[in-house]
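Q: The structure follows.
Protein chains in written order, with our numbering: chain A, 5 to 329; chain B, 5 to 329; chain C, 5 to 329; chain D, 5 to 329.
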């Protein structure tokens, strides 16, 4: 398992390849739309070996990437919402009149961690109307509820326990959980959306791992949607050192020795070393971008639109923009 | 039961007296510290008749009033926190090592309704430390958790159900619920704190009544803390009309006829009439003050300090200000 | 001059008509698109008499009204932005390569007063690019700067002085000033945009009058754009009393006497009386709606889009939504 | 001049010493209270040589450091406010009834850059009372105004021009400017306050240098107060590489060669190289801490208290906390 911190399956695979120069056994990778505005990568972790090497559970990891998302093109945003909706629809339980609980993980008070709560504020919440009018079905809408459970540091309660309690009282058919992630590369911050069916660890995005949020713990299927909003400081430094050494190699003869030396070290060793020396910077160091406030606002709309279209059958993008922005 | 909208027991009683010119049967009222900076009124609804006439359940309603709170005197704030703590301690279950869930009712996105969530952000949350170190007791702290369940309009789920689910998973010995209230008088906005043991209706503060949050529904004792942050538009208009008519009476002879006429109408009739004519203003009209943002920040600190002192035995006001502000 | 508090010329006229049952002499009124989604009323105050009776300077007052704005229809919003842009273009100085300073009046910290600052945050600011590349003109953009000067209570300086200082240092050809207004009717809150060329009093929206912001004080033309975000408490009560009395009249015989009596009072007397009795509620009472936060977000986008389209010749609504949202 | 990015004079000196292992010629350094809770370092840049080597103008740079500020001890905060006030009083113009304009540089919308505006919101603004009552002096207060001019990217106008315009219209005797800075070390973030009389470059904290804000450009003395809120990404990486290499040296023989090699490179070369390889991360990368929101709230209160005590003669810390928090 790779020590370098990333919450993205595509990056875990990338790292394996950089180090071993081969595809991970037990992992299947398919790409769609390469070179186009919206690229989709499907990583399937097929067996225990693949799971061990990838450091994550067996199952599907779908990555929707759109580098252009940074420049806030409204058409591109709409296309990403549609692509997201299309993927979500494929993952919905095969059942009529699904009711869904959408969970916004993370902390309102820490900007890069506020993605989940921001998405919830843009979801079309309808469950109470179904209850109020005692309806079971509707041609245009499905029953959707939404909660922002907070983080353990501010509630004192395991986030998974809070959600489990709400699931038991409100009985949704499924849960969609949204969380902010850490990436290895700044260029993926806010341009990459990962969808997976293997669950999520609340707080893994910007903190330590906790109880898993998945079908096993909640009793209903869980679709996790994540977007990187920060880069891990150790990861950034590690990558930069690699780049510096490469650059040195090209600059001088001595650089070449250097390169060999560092290249000989295992990735894990190097990362652990950096982690150690970064210690005095504190556990709470984050590397992000100055525009993170605006970025969270934008990408949360893209994700909320995707979810709204996927869950409410009679609604398309025009309506979503019309009624909910 | 009075139709005029107030969430304060002291005002319900005031209204009864204004109309009937007598004390409510089945209701006991005691005052402390009259004329001092911090006045305390204890209203006890003793029997079903009192309950019917007051329009609220049997039980204790304690009101801590400090008109000076508006001018933000730090010493007065501290005194109110201490008075609140003293009252809370009397209401705690008679048991060692109490664990408490503090619930911040209301909606972050509507300023006058954000009191509950603001208080939660200032509570010293400790339950996870007890869990992490597998402790049952601590000489200085008790186990405190805190949640902000949102409102039904944004979650799609009855707030009482959400809290019930969290109570079942986290097993606190008691719940303290904080909510924003509506008062009859602008002068009570942010200067009055009501404590009661009879439960609370989430959403009654700035919306319609829902499922009660009380010992019966949650299975553990519930202490409700409320502060008025708005005045009901119909109430304000009703009161103003009364004052106008009184003023007219003093101005002219005709005013006197007027006064008799209006005075003959039952309070309920008048209020219903005003409610009707205010309709076009919409259900969402609120009357509040320009300083409501600052007021919510200030009063939430006063309440959080009171709760922190009451729940954590080794902590006094100095520490609260020191570690938590 | 009418005492009843309104910042809208159309309401000042309405009030005159309600009392005198005739059009105001010296005031010309034209309506466009009556009954359609977007209605435009052009009030021209032609002479000193009209100015005196209307209580505002001679000049043009254009009102763009769209009741549907409340329900957040994206197409209607776009239409209102276009209508606003069209009106603004007619008022721009007849000159090539105009540079504009957009001023967001009001106070970030008081939600209903934050309209101006919110609009500024959505304006396409370009002046620094013109300076940086030493350009005088551009086929697609004009030089636009934007400031949020604050309010006298938080700066200690007359807002007009701050803007005058910035105008002298940055030499725009014109100023567009945006402010929150008070209306007489809740239904106009957030659905009505008033454009005028006669200047504006910073702080008149939610406070007392100060030094005028107009061509005379700033030395360049000033276009004022205002949207009602609050209703004056006295106004609301006054109107409600009127309605109550009317309702009483229909309910009872006595009501009819009542009606006559109150009807005999001059509007000004009644308003002054109510103002007096409302006194204990404090000078800072505001009547607004629970959704004011969301409403400010929405309407500020509509206005910013209108200004962006009007000022940047190469930009249309699609681009505005694309690049700036 | 050192290329490594720091806004702190104490760090510029530190860097010189690390590289040259000697005190900077033309720079005088005095320390007070070493080892105590609040340490003060006075760096005086005496001549042109010192100015060149330090990369900043001749003059005084006072640094107030309190590592404990992170843990939010109320007494320590008060002590830092008092120390700051004491230093400020020494720097005030020798004149009775000084009027001061306090300027909060930076951008409300970028959390680590919002320090200046946050401080302004906590300053006791009084100038308008002096104007209103036509007073020249007051035994307890001096005339204080406050503005938040924004940043060039959001206003389109040089910040220095905006302030110059406001200074000309409001005629203060002096300006105090507050800005967020970049430090070389995470441990200095929010624990170090730098006071200087040599002016400040708006936007240098988190962006590129612009027109200086100093006595020369404004016509009145300028006291700059800065607090580091971010660490430059290149600086952090550079420091980490140094530490990694040192650690490697201790781990292996090869590390030792490594160390020599890297050690031979000039600091400037290394920094430039890192800067180059970090390029793809974008110009807007910031390294900060997860608690930055809370930290800005806390430290802005400490600074505002210091300024309030220094400027208003009849006010001490108790009043400041009492009336302004």
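Backbone N, C-alpha and C define an ideal beta-carbon position, used for all residues, glycine too. Please read all numbers here as calculations on a predicted model, not as lab measurements.
1. Using a Cβ-Cβ distance cut-off of 8 Å, determine whether residue 295(C) contacts chain B.
2. Could you tell me how far apart the beta carbons of residue 70(B) and residue 80(B) are, in whole angstroms, since I believe they sit closer than 8 Å?
3. List, in chain order, every chain D residue whose beta-carbon is nearer than 8 Å to that of residue 113(A).
4. Which same chain residues, not among the five before or five after residue 308(C), have their C-beta less than 7 Å away from its C-beta?
5. I think residue 195(C) touches residue 74(C), with their Cβ atoms under 8 Å apart; what is that distance to the nearest whole Å?
6. Spatial neighbours of residue 166(D) within its chain, please: C-beta separation below 6 Å, excluding the five flanking residues on both sides.
7. In whole angstroms, what is the alpha-carbon distance linking residue 297(D) and residue 290(D)?
8. So, is the C-beta of residue 159(C) closer than 8 Å to a C-beta in chain D?
9. With three or more C-beta pairs closer than 8 Å as the rule, is the region 214 to 223 of chain C touching the region 81 to 94 of chain C?
10. Whole angstroms is fine: what's the gap from residue 225(D)'s alpha carbon to residue 171(D)'s?
11. Within the 8 Å Cβ cut-off, does residue 190(A) reach chain D?
12. Excluding sequence positions up to five away, which residues of its chain have a Cβ less than 6 Å from the Cβ of residue 85(C)?
13. For a contact defined as C-beta to C-beta under 7 Å, what are the partners of residue 168(A) on chain B?
14. Using a threshold of 8 Å, state whether the C-beta atoms of residue 95(B) and residue 227(B) are closer than that.
15. By Cβ distance below 7 Å, which residues in the same chain neighbour residue 138(A) in space, the five residues on each side in sequence not counted?
16. Locate the beta strand (DSSP E) running through residue 199(D), then write down its first and last residues.
17. Does the Cβ of residue 120(D) have 16 or more other Cβ atoms within 10 Å, making it buried, or fewer, making it exposed?
18. Mind checking which residues open and close the alpha helix (DSSP H) that includes residue 94(D)?
19. With 16 other CB atoms within 10 Å as the buried threshold, where does residue 26(C) fall?
20. Counting Cβ pairs closer than 8 Å, one from the region 99 to 113 of chain D and one from the region 175 to 182 of chain D, do we hit at least three?
21. Answer yes or no: does any C-beta atom of chain B fall closer than 8 Å to that of residue 68(C)?
22. Using 8 Å as the threshold, is the C-beta distance between residue 32(A) and residue 50(A) below it?
23. Around the C-beta of residue 5(A), are 16 or more other C-beta atoms found within 10 angstroms, so that it is buried, or is it exposed?
24. Taking the Cβ atom as the reference point for each residue, do residue 292(D) and residue 116(D) lie within a distance shorter than 8 Å?
25. Going along chain A in order, which residues have a C-beta closer than 8 Å to the C-beta of residue 237(D)?
26. Where DSSP assigns a beta bridge to residue 183(B), which residues make up the other side?
27. Could you tell me which chain C residues have their CB closer than 8 Å to the CB of residue 151(D), listed as they occur along the chain?
28. Per DSSP, what kind of secondary structure is residue 55(C) in: helix, strand or coil?
29. Just to make sure I have the definition right: I need the residues of chain A whose C-beta is within less than 8 Å of the C-beta of residue 129(B). Which are they?
30. I'd like the list of long-range same chain contacts for residue 314(A), defined as Cβ closer than 6 Å, with 5 residues on each side in sequence excluded.
31. State the Cα-Cα distance for the pair residue 82(C) and residue 46(A), rounded to the nearest angstrom.
32. Which residues of chain B have a Cβ atom closer than 9 Å to the Cβ of residue 132(A), listed in chain order?
33. Could you name the residues that DSSP lists as bridge partners for residue 188(D)?
34. Are any of the Cβ atoms in chain B nearer than 8 Å to that of residue 107(A)?
35. Out of 146(C), 168(C), 17(C), point me to the one whose CA is closest to residue 222(C)'s CA.
36. Our contact map puts residue 186(D) next to residue 107(D) with C-beta atoms below 8 Å; I'd like the distance itself, whole angstroms only.
A: Result, derived from the coordinates:
1. yes
2. 6 Å
3. 297, 298
4. 123, 126, 127
5. 6 Å
6. 153
7. 14 Å
8. yes
9. Too few Cβ pairs lie closer than 8 Å, so no.
10. 11 Å
11. Judged by the 8 Å Cβ criterion, residue 190(A) is in contact with chain D.
12. 306, 309, 310
13. 173
14. yes
15. none
16. 196 to 200
17. buried
18. 78 to 95
19. exposed
20. yes
21. no
22. In this structure, residue 32(A) sits near residue 50(A), with a CB-CB distance shorter than 8 Å.
23. For residue 5(A), the predicted model reports a pLDDT of 33, less than 50, meaning its position is unreliable; a value from the coordinates is still stated below. Residue 5(A) comes out exposed.
24. Cβ distance < 8 Å, so residue 292(D) and residue 116(D) count as in contact.
25. 240, 291
26. Partner(s): 230(B).
27. Going along chain C in sequence order, the residues near residue 151(D) (Cβ under 8 Å) are 153, 154, 159, 161, 166.
28. DSSP places residue 55(C) in helix when its eight states are reduced to three.
29. 157, 158, 159, 160
30. 89, 92, 93
31. 39 Å
32. 156, 157, 159, 160, 161, 162
33. In DSSP, residue 188(D) forms no bridge with anything.
34. no
35. 168(C)
36. Rounded, the Cβ-Cβ distance is 19 Å, inconsistent with contact.
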